Amino acid sequence: MAKRLCKLSRNEIATSLGEIERLVAEPQFLCRACARVAGDKKSLCKPQALSAKSPAANISALSENETNTGVASLLPKGSLKKQQKFHKKLEKVLKKQRKLMKKQQQLEGKVAQTNPALVHEIAAQVSMH
Numbered sequence: 787m788a789k790r791l792c793k794l795s796r797n798e799i800a801t802s803l804g805e806i807e808r809l810v811a812e813p814q815f816l817c818r819a820c821a822r823v824a825g826d827k828k829s830l831c832k833p834q835a836l837s838a839k840s841p842a843a844n845i846s847a848l849s850e851n852e853t854n855t856g857v858a859s860l861l862p863k864g865s866l867k868k869q870q871k872f873h874k875k876l877e878k879v880l881k882k883q884r885k886l887m888k889k890q891q892q893l894e895g896k897v898a899q900t901n902p903a904l905v906h907e908i909a910a911q912v913s914m915h
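Under this note's numbering, residues 787 to 915 are what the sequence shown spells out, in order.
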């Protein structure tokens, strides 16, 4: 196998599956770029040696698990739905707040153009509250 595991296409993987299984059976190296493991560092693009009880192995296994199942599987379905609903409501409120701030600035600009003395009086009242 001349190519690295990271660069193989699907057809190449299918044809050389036996050799790939042999390389991955006892992983000793981890690719820092794509999180693949292999027994030989020549078959990875950015190899990093794995220790016997490496936290990197646990992290790579966890990251593969998260990409396959997503973070959603870590939370109960009910609480996830509540969290999504709350996030959606929060986004709606923030959007409305931005819209109101923009409208307030436009109105203050119009008032300043027509009556600049009134703007100073309103600012003084706001600072009292």
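Every residue, glycine too, gets a C-beta built ideally from N, C-alpha and C. The structure displayed is predicted, hence computed values, not measured ones.
- The C-beta distance from Pro813 to Leu836 rounds to 6 Å, short enough to meet the 8 Å contact threshold.
- In its chain, beyond the 5 residues on either side, Phe815, Leu816, Cys817, Arg818 and Ala842 have a beta carbon closer than 8 Å to the beta carbon of Gln834.
- Assigned with DSSP and collapsed to three states, Pro862 falls in coil, not helix or strand.
- Within the model, the alpha-carbon separation for Lys888 versus Arg822 is close to 50 Å.
- Per DSSP, the beta-bridge partners of Ala835 are Phe815.
- The C-beta of Ser829 has 16 or more other C-beta atoms within 10 Å across all chains shown, which makes the residue buried.
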